[in-house]
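A short write-up of the structure that comes next.
Residue numbers (our numbering), protein chains in the order written: chain A, 795 to 1145; chain B, 795 to 1145; chain C, 795 to 1145; chain D, 795 to 1145.
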């Protein structure tokens, strides 16, 4: 599908999510890293010196000498992956889109803008139709396409499988989120060792809003949010990677536990997605042990691209209870944005 | 109130909860430890040798020489505090009650029996009226009085404060429970370090049932369970002590956040309870910081006898969301059972 | 000994060690907190607002309204406790001493100056004689008296007990240090969860140097460093409080294990120290269990003022091996500096 | 080298190390798992049911139906990998060797027997000559070949590199060992969370003895232990995998830091070892960052087969200090034994 590799750059390449982008895009079959951009503090230095590598493994030695660029739309790349802080993304991402770049963003800034697709390819590839609206309204030659919050992702995928079959009406979720979700340096160890912090700034609002967008329907070129109501409790726990979510769900057409399990384990994205290099064989892995999923034991399922669900059981108040685990920095962040870029290529938005 | 100290014994004195009983009853103003009973493995040995002390601090040196007794109703004590496993309690506790002992039990076995009081003194001291029923039906000269599951306790206390004022109808709870709740050796470190286990055997059922009993009403000598519905998700997290619970609550008469806060911070037990040696000045501590309560920072509030609540806010699905923390081995276990014994004395059930 | 309480101030009152000073000096029998000083960021605010309380418990409510002062020698206090960063202490501490304040410092800046006492009262109260030298040389009406590095403290106390009896010649130490030793925010959780960091900046040098000063001898108004050699390996481990140190020791007159145990358990400071309010009954607690001391279980021995030692056994290379645990923010920091201030009063240096 | 795969069995296949063997031998190019043996409790059940999988990933689905055999020398295998407890190995391993099996053992029982090779292929492949002695003395048609203790392994590999070049004379080591080294259930979480346990039963003696055997010289068909002296301090820390060791070393011919680094980074095994399927490209990875190696970040170097060393610096007491990290269940256990089996094939001991 791709003759020569497409030049891509990473915005915010020295941060924790930026490092994940570097790790995943290095040797990617379709993409070639041609730019690493970061804030002024790092600009002009070799990536090796500018970057305090905090994720597992080592930075690709071949990229060590690449000089870090400023975050300006003069990079020699077609796609830019944005791991920028929300405040920085606010100006930078439109500047890149205006100049013709495709911005695949992991930042929260434009996720809820009505003309910006918020995409998980297996769920709502058809929302890419918003790109035309976006370009028309904003007169951009490029575009911004976003991927959702990490916790949202771990909820949205099983929710879609069940919504399609049974019609979700009410969603009660409690998250237990890994520390890597806060970046680096992130959470001080004095705050989280032998502790739980029952608060993650802005997270509950993101979960409640983004879920309705992701599962919304396109109609007449517009995205209509899904009509269910979400209540979220977000917590930080002493886990390195992997967000765990407890859910209680109410349906229009309540399924049995068996039917719910069948819908979850049978879920797959559209054909166009299955062939993408970063797509997992199974977007949802169903476990039947009584005490799974667990973040340490399930976060790496399908290379960190599957959401693992388990403990499907009835709920005294709504219809079903279940638990999901998602790798927050892979499917929930960098890998998710890369999968979006792959989809844009397969769907012909990037040529 | 108490001329000379009342002789008490501990059943299951060598386990983790048993050790807490020893620590708390040592130098108690009303009680004097005269017996330490445990399983055959320990019987006949000095407590010092039989017991692998796993809780903070050291065992009281003066008790080190006390010989561990078998779990048989021939101890020279008026009250026995039971930290027995449920299966052992099943036969042992009635045997003691039959022989005239007052059994203050932390075991789950008899908590839900219709003629056994399940007591948190500040909430339902009037349920002690079930003792008369119990003695009459079972022809016991002694009695069994139980204290609830540790997680239940952390929910029940704030729930009562709100139920009295606004009428609770629906209760969603997700717990994040400390490892000490599983006793010793309990949870293998390989299962919980860098992990969450979204399952605690039997816990969800206990929470759902016990809450309706604790907040039930006495009528015509019977306990009528409270009419609300509870849905519980129980999780184990890498925290030493202190269970954290996220709650969403629906009410008959939904309060504002301010009114709920006033009801919580103004809550206190009846006068008879306030004077008890183990009663906290405040059964509920309300925190207003955005990220509290936290188990490490709040479990020891009021000597581990207060439930700390915070993050009172509205809920998109029900009416209110909040978070509570309770010290699971103090208020939620040993101290709770001791407070019950103190209440029995103050209320004249033990003379 | 003290008619009315002596006014004291805390420099760096909003940091983690500063908070410990506040907690310990509040209701101190001899001292009264009259000033809380911190960097410009906090100056002018009520302590309640300026301080993000990170240690256990809550700040004393009565101090919440005290306005934070700048770090300038115009505080109405006789003694200032310094929890300043080394770089800030460099200018601030002499400025206070020049103006007549007694500076009891926990900062490393002046610990190794030849005319500044580095004191652990039970070990080397006689080193206070350096104060006269200091005042004469520097023309100060006040003084600086320092307390050692937290890890050094946990080594020095047992080392002194053994040195007095058997003459220490070689000291090999490996520390496993708690995260609270790095202050707040300190160590990012992403660096230490499920990990060991075999490096603590500057720590090995401090241990190697300070030990020889603490155990040095006064002669002709000068402090002669002890003649032994120290090799230190410093590590950070995922423990909240309590530094653990493994030691191998060589002696001039090698003791048996029994004699070493007797020297350790029989150790006490001079009479002038025993009566001080913060002095522990036993400076050294000897444990004989095969797996003690442990930081979580032993850090609070004697209110965090004792060093706990155990595993005394022979060493194939030197003479003895042992393990010690010290509470790094109590005996190893704030409490240590307060004990020094108490000694200064008892010894007549402050009237 | 190997036409068809050699049938192998695992003794103790359901335990934590046994599971590692299963994981590593599954799809091994030279070996085919034909037997899974375990204690009576598991015998006769499908492996899927007998085994509570506790290591990362899932058991190979194809092995789930294999029926667990008793630990008796009637398995259809040429090589048996032993992950047996020492007490069980005591009788079982000789029984297998007597019947012609090659026993590649990870148990400690026979490691120090004078006629049993204790092997790390890169270090002392020539010690395999003891097999002839063993067979002659014991009249066995099979053999026992052992791999060392996990902590020993992480010390021995860098020690060998330095011993060859500079002659090791004195070895001080302090280990900080991962919880997986104790198997499953192993260390209770209540013992190790927020804690260090400065004791690992038998570990110090194993380290001190095994190092002298591993680095010993063959002479006249006998193994002469290396003449250096070792002093070990063993500790357990809250880390999942990866043992960290701080070392101080004294040499006959003390090297500069640079020469030591060159010897470490240039180390490799003999040619016969380099070609083995499980041999790492580099047995030693040298890191130059000031705070490496770290167990979480370095345990997986070279697929868990490299020992990572760093912080090479002078020692005030001996000559050099350094830190090493080894993956305790890979190079330090299962992978080490498998590498030994590969060596036996390459060296012609198994045909």
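Glycine is no exception: its CB is placed at the ideal position from the N, C-alpha and C atoms.
When the alpha-carbon of residue 1064(C) is set against those of 1114(C), 908(C), 915(C), the nearest one is in 915(C). When 8 Å is used as the limit between beta carbons, residue 983(D) is near these residues of chain B: 973, 980, 981, 982, 983, 985, 986, 987, 1032, in chain order. Here residue 947(D) is near residue 1126(D), since their CB atoms are less than 7 Å apart. The beta carbon of residue 882(B) does not come within 7 Å of any beta carbon belonging to chain D, so the residue lies off that interface. Annotation for residue 826(B): no alpha helix (DSSP H) segment contains it, though the beta strand (DSSP E) segment containing it runs 825 to 831. Going by DSSP, residue 861(C) is part of no alpha helix (DSSP H) at all; its letter is neither H nor E. Counting along the chain, residue 944(C) sits inside no beta strand (DSSP E); it lies in the alpha helix (DSSP H) bounded by residues 944 to 960.
In this structure, the beta-carbon distance from residue 1062(B) to residue 1112(B) does not fall below 7 Å. The region 1012 to 1021 of chain B makes no contact with the region 980 to 997 of chain B: fewer than 3 CB pairs, one atom from each, lie closer than 8 Å. Of the residues 922(B), 1030(B), 830(B), the one whose Cα lies closest to the Cα of residue 1141(B) is 922(B). With respect to the C-alpha of residue 1005(C), the residue from 988(C), 1037(C), 974(C), 957(C) having the closest C-alpha is 957(C).
DSSP lists 1023(C), 1044(C) as the bridge partner or partners of residue 964(C).
Here residue 848(D) has 810, 978 as same chain residues with Cβ atoms under 6 Å from its own Cβ, once five neighbours each way along the sequence are excluded.
If only uninterrupted alpha helix (DSSP H) runs of at least 4 residues are considered, those enclosed by the region 911 to 947 of chain C are 915 to 918, 924 to 932. Put simply, of 863(C), 842(C), 900(C) the residue whose alpha carbon is nearest the alpha carbon of residue 853(C) is 842(C).
Closer than 7 Å to the CB of residue 1125(A) there is not a single CB belonging to chain B. For residue 801(D), the uninterrupted beta strand (DSSP E) run begins and ends at 800 to 805, by DSSP. Of all residues in the region 998 to 1018 of chain B, those with a C-beta nearer than 7 Å to a C-beta of chain A are 1002, reading in chain order.
With 16 or more neighbouring CB atoms inside 10 Å of its own CB, residue 896(A) falls in the buried class. Of all C-beta pairs linking the region 925 to 943 of chain C to the region 1066 to 1080 of chain D, fewer than three are shorter than 8 Å, placing the two stretches out of contact. Counted as a single uninterrupted DSSP element, the beta strand (DSSP E) harbouring residue 1116(A) occupies residues 1114 to 1120. In chain order, 982, 984, 985 make up the part of chain B whose C-beta sits under 9 Å from the C-beta of residue 848(D).
Following the DSSP letters along the chain, one finds residue 813(C) inside the alpha helix (DSSP H) bounded by residues 810 to 819. Between the C-alpha atoms of residue 901(A) and residue 971(A) there is a straight-line separation of about 18 Å. At a cut-off of 7 Å between beta carbons, residue 930(A) makes no contact with chain B. For residue 960(C), no CB of chain D lies under 7 Å from its own CB, so it is not counted at the interface with that chain. Within the region 1049 to 1119 of chain B, complete alpha helix (DSSP H) segments of at least 4 residues are found at 1051 to 1059, 1065 to 1068, 1089 to 1092, given in chain order.
The beta carbon of residue 1109(B) falls within 7 Å of a beta carbon belonging to chain A, placing the residue at that interface. Listed in chain order, the non-local C-beta contacts of residue 864(D) below 6 Å within the same chain comprise 837, local neighbours out to five positions each way being set aside. As the crow flies, the alpha-carbon of residue 883(A) is around 8 Å from that of residue 876(A).
Against chain B, the CB of residue 906(A) has no partner CB under 7 Å away; the residue lies outside that interface.
The three-state secondary structure of residue 848(A), taken from DSSP, is coil. Taking 8 Å as the Cβ-Cβ cut-off, the region 1091 to 1102 of chain C approaches chain B at 1091, 1094, given in chain order. By the CB criterion at 7 Å, residue 975(D) and residue 936(D) fall outside the cutoff.
Per DSSP, the beta bridge partners of residue 1029(A) are 970(A).
Taking residue 859(C) as reference, the option from 906(C), 840(C), 1089(C) with the minimal CA-CA separation is 840(C).
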